[in-house]
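Chemist:
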Amino acid sequence: MKIMLLDDLNVVIKVAEFRNITAAATHLNMRTATASAAVKRVEQALGAELFVRTTRSLRLSSAGERFLPTCEQAMSMLATAKQTLKGDTGVIEGELRLGLSSDLGRNVIAPWLDDFMEEHEKISVKLNLNDSNIDFYRDPIDLALRYGSPDDASVYGFKICDVPRLLVASPSYISSYGAPKNFEDLQSHNGLFYQLHDKVYNQWEFVQGDKPIKVIMQGNRTANDGEMVRRWAVAGKGVAVKSSLDCCDDIINGRLVTLLPDYQPKPTQLWLICPSRQSITPAVRLLRDMLKVRCAECLTQLEKAGVHTKT
57 MKIMLLDDLN VVIKVAEFRN ITAAATHLNM RTATASAAVK RVEQALGAEL FVRTTRSLRL
117 SSAGERFLPT CEQAMSMLAT AKQTLKGDTG VIEGELRLGL SSDLGRNVIA PWLDDFMEEH
177 EKISVKLNLN DSNIDFYRDP IDLALRYGSP DDASVYGFKI CDVPRLLVAS PSYISSYGAP
237 KNFEDLQSHN GLFYQLHDKV YNQWEFVQGD KPIKVIMQGN RTANDGEMVR RWAVAGKGVA
297 VKSSLDCCDD IINGRLVTLL PDYQPKPTQL WLICPSRQSI TPAVRLLRDM LKVRCAECLT
357 QLEKAGVHTK T
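Numbering (the numbering used here), first residue to last: 57 to 367.
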């Protein structure tokens with residue numbers, strides 16, 4: 057059997073992951089022709105075609121389905137072995153290409169990452185900040201931190217924590233317009249809305265006990281950026297439903313207050329997701345552990361401030 061280069065094997069794994077040579081090449085910062093040549097070299101070394109190619113699609117062949125799981129496992133073991141040698145010095149290194157939502161990323165995670173990188177000086181970070189849906193084929197990232205459990209069975213993930221949502225407004229807004237006492241009263245207030253693509257999230261879901269309640273709101277401000285919605289709320293422009301993590305600092309420092317405490321907005325979860333097991337490096341595990349600790353600390357702070365955060 058001919059010798060196979062590790063870099064070529066990594067290309068094969070990415071092509072299998074993305075089901076597209078061009079997408080894999082873009083992710084690996086190489087030309088499509090270079091990635092295609094790497095796949096051909098591995099196939100020639102194995103004496104078998106790993107992919108079934110058509111003009112519109114690419115999928116694993118039966119040989120590829122047998123080869124890829126073992127190949128991924130071997131590459132993962134090799135990465136672990138390399139890190140074990142480095143671990144003799146107690147140092148973990150690597151690059152984290154991380155996708156973050158706007159508000160959580162800029163105002164919560166970025167300061168945590170500063171502390172994280174001071175502790176782990178050999179870890180570097182590349183951040184991709186946006187509120188659009190994650191696309192590992194399109195975006196130059198290896199992992200992403202997102203609200204909501206992943207609905208794609210092909211991705212791998214770690215649940216960081218359960219995240220309560222909160223109905224919030226600024227003290228100045230309440231001073232001018234009063235605090236809503238019930239849902240009928242709430243509907244008379246100015247809603248601040250988040251928009252993803254063509255969908256405006258102006259229908260707010262609450263839970264009272266086990267009973268779900270939906271409230272359709274009216275408002276004069278909508279943004280496709282979660283940070284903008286929070287800024288409007290702090291500026292006294294209306295009421296908003298926000299993640300407790302996003303607005304933790306504002307609540308602790310009195311810039312926002314919670315409303316209708318007996319009615320919890322429908323909670324969510326925070327997940328760290330990646331496209332394959334190979335993406336779960338020692339650096340990723342360190343990041344996961346840090347996020348769990350810091351999120352728990354944030355929610356504990358809110359509890360101490362009298363905010364109900366149990367989902």
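Yeah, the Cβ is synthetic: ideal placement off N, Cα and C, and Gly gets one too. These numbers were taken from a predicted model, which means no experiment stands behind them.
1. When the Cα atoms are used, what is the spatial distance from H253 to D195?
2. Is it buried or exposed for A291, if we count other Cβ within 10 angstroms and need 16 for buried?
3. Just mark M133 as buried or exposed, buried being the case when its beta carbon has 16 or more other beta carbons within 10 Å.
4. To which residues of the same chain is I197 closer than 7 angstroms at the C-beta, ignoring the five residues directly before and after it?
5. F249 by DSSP, collapsed to three states: which one?
6. Measuring alpha carbon to alpha carbon, tell me which residue in V68, L114, V349 is nearest F123.
7. I need the straight-line Cα distance from I77 to K293, nearest angstrom please.
8. Look up N165 in the DSSP assignment and say whether it is helix, strand or coil.
9. In or out: E99 buried (at least 16 other Cβ within 10 Å) or exposed?
10. Starting from S180, trace the beta strand (DSSP E) in both directions and tell me its first and last residue.
11. Suppose you measure from the CA of T365 to the CA of D218; what does that come to, to the nearest Å?
12. What are the partner residues of T314, as DSSP defines its beta bridges?
13. Could you round the C-beta distance between V295 and L248 to whole angstroms and report it? I think they count as a contact, below 8 angstroms.
14. Grouping DSSP H, G and I as helix and E and B as strand, with all else coil, what is L326?
15. Tell me the residue span of the alpha helix (DSSP H) that contains V219.
16. In or out: P321 buried (at least 16 other Cβ within 10 Å) or exposed?
17. Is the Cβ-Cβ distance between E283 and D159 less than 7 angstroms?
18. I'd like the span of the beta strand (DSSP E) that includes E151, first residue to last.
19. Residue range of the beta strand (DSSP E) that L301 falls in?
20. Does DSSP put V108 in a helix, in a strand, or in coil?
21. If you count every other CB in all the chains shown that lies within 10 Å of the CB of T145, and 16 or more means buried, which is it?
22. R112 and D64 look like a contact to me (Cβ under 8 angstroms); what is the Cβ gap, rounded to whole Å?
23. Could you tell me how far apart the beta carbons of M131 and N66 are, in whole angstroms, since I believe they sit closer than 8 angstroms?
24. Any idea what DSSP makes of T145, helix, strand or coil?
25. Quick one: is V363 buried, meaning 16 or more other Cβ sit within 10 Å of its Cβ, or exposed?
26. By DSSP, does R277 sit in helix, in strand, or in coil?
Modeler: Once the coordinates are examined:
1. Using only the alpha carbons, I get a separation of about 17 angstroms.
2. exposed
3. Counting the other Cβ atoms within 10 Å of the Cβ of M133 gives fewer than 16, which makes it exposed.
4. Closer than 7 angstroms at Cβ, skipping near neighbours: R153, L154, G155, N184.
5. Strand.
6. V68
7. 48 angstroms
8. At residue 165 the sequence reads Ile, which differs from the Asn that was named. Helix, per DSSP.
9. buried
10. Counting along the chain, the unbroken beta strand (DSSP E) around S180 starts and ends at 179 to 185.
11. Between T365 and D218, the C-alpha separation is close to 9 angstroms.
12. V224
13. 7 angstroms
14. strand
15. Element bounds for V219: not the alpha helix (DSSP H) but the beta strand (DSSP E), 212 to 219.
16. buried
17. In this structure, D159 lies closer than 7 angstroms to E283 by Cβ.
18. Note, E151: beta strand (DSSP E), 150 to 156.
19. No beta strand (DSSP E) contains L301, which DSSP labels as neither H nor E.
20. strand
21. In this prediction, T145 scores a pLDDT of 49, lower than 50, which makes its location untrustworthy; the coordinate-derived value is nonetheless stated afterwards. Counting Cβ neighbours within 10 Å, T145 comes out exposed, since fewer than 16 surround it.
22. Going by Cβ atoms, the distance from R112 to D64 rounds to 25 angstroms, so no, they are not a contact pair.
23. 7 angstroms
24. Any answer about T145 is weak, because its pLDDT of 49 lies below 50 and its placement is not dependable; what the coordinates show is given next. In this structure, T145 counts as coil in the three-state DSSP scheme.
25. Buried.
26. strand
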